[in-house]
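Contents: one structure, followed by commentary.
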Amino acid sequence: MPAPRRQTLYAGLALCSLLGHLPAAQAALTLNSTRVVFESDKRSTSVIVANPSEQPYAVQSWVNTEADDTTTPVPFIAAPALFKVNPGKEQLVQINGLPNDLPGDRESLFFFNAQELPQASESGKNVLNIALRTRIKLFYRPSHLKENPSTRLKDLQWSFEQVDGKPYLVVDNPSPFHFTFSRLEVEGGGQAEKLQLAPMALPLARQSYALKTVKPGAGLKVTFTTINDYGGYTAPMTQAIGMAGP
């Protein structure tokens with residue numbers, strides 16, 4: 000996203016936080032999916048941007064990295080990159096893949112962005128216009144990874160680890176898939192803690208989650224659900240928590 004647009008967005012949101020009496024800003028545009036899976040043997044995939052509001056919007060679309068920067072090159076081009084959506088209408092945005100050297104043994108994570116560009120007020124009055132953005136995950140998946148990611152949830156390995164005297168829940172993910180947790184809860188032995196907005200379990204990697212109330216002990220278990228490729232939730236799964244080695 001160009002720097003001036005980003006600065007306008009941040010400034011608008013900061014102003015709204017100061018003017019507490021203003022209603023919360025909500026995006027006018029909607030997407031037909033909460034995530035995109037781009038298989039490596041495909042040349043493109045698509046997202047539908049809909050405008051259920053009563054006014055037209057110009058829209059800017061692009062793909063970038065998790066760092067949300069404008070300098071890291073990505074192997075995707077969104078087209079059209081700039082378009083107008085009239086009230087009650089939709090626009091299909093095609094995400095085209097480019098030659099790349101992304102890993103072939105795991106998914107790679109990117110983000111698809113759609114930003115509203117509201118029209119200037121014609122009344123001549125001072126009006127606060129906020130350029131709101133919708134951002135969803137885009138998973139680049141090597142085509143030879145044919146299995147359903149949910150079948151690999153049983154392979155997640157859970158343990159406790161002490162770091163500087165503080166307890167952490169640790170998950171080792173031996174699979175090539177990202178797992179986004181919609182529920183992550185530790186309980187047992189009279190203890191319980193729900194982890195809110197827990198970071199994803201990255202493929203072929205280890206992820207740690209700081210615990211505030213639960214202490215390591217025998218009989219503790221973790222219960223979790225994840226978000227599948229279609230934006231739905233997997234069935235709850237419960238696994239025992241071990242103790243990480245020194």
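For the sequence shown, counting from 1, position 8 maps to 7 in numbering that gives the first Met the number 0; every step adds exactly one.
We treat Cβ as the ideally placed atom computed from N, Cα and C, and that holds for glycine.
(1) Which same chain residues end up closer than 6 Å to residue 170 when comparing Cβ atoms and leaving out the 5 residues on each side of it in sequence?
(2) My assumption, with CB atoms under 8 Å, is that residue 80 sits in contact with residue 61. Please give the rounded CB distance.
(3) Identify every run of the beta strand (DSSP E) within the stretch 30–89, keeping only runs that are complete inside it and at least 3 residues long; order them along the chain.
(4) Please state if the CB of residue 111 and the CB of residue 35 are separated by a distance shorter than 8 Å.
(5) Grouping DSSP H, G and I as helix and E and B as strand, with all else coil, what is residue 237?
(6) Do residue 26 and residue 131 have their CB atoms nearer than 8 Å?
(7) What three-state label does DSSP hand residue 136 in the structure shown?
(8) For residue 98, which three-state DSSP category applies?
(9) Name the DSSP beta bridge partners of residue 172, please?
(10) Check each candidate in 238, 190 and 173 and name the one with the smallest Cα separation from residue 216.
(11) What is the rounded straight-line gap between the Cα of residue 95 and the Cα of residue 105?
(12) For the candidate residues 175, 163, 168 and 32, whose alpha-carbon lies nearest to that of residue 147?
(13) With a Cβ-Cβ cutoff of 8 Å, do residue 134 and residue 37 count as a contact?
(14) On the DSSP bridge assignment, give the partners of residue 162 in chain order.
(15) Suppose the cutoff is 8 Å on Cβ atoms and the five residues either side in sequence are ignored; what does the same chain contact list for residue 42 look like?
(16) Please say whether residue 240 and residue 180 have beta carbons closer to each other than 8 Å?
(17) Between which two residues does the beta strand (DSSP E) holding residue 185 run?
(18) Thinking C-beta only, is residue 236 closer than 8 Å to residue 152?
By the coordinates alone:
(1) 155, 157, 200 and 206
(2) 6 Å
(3) 34–38, 43–49, 56–63, 75–78 and 81–84
(4) yes
(5) strand
(6) yes
(7) strand
(8) coil
(9) 204
(10) 190
(11) 20 Å
(12) 175
(13) no
(14) 165
(15) 95 and 96
(16) no
(17) 180–187
(18) yes
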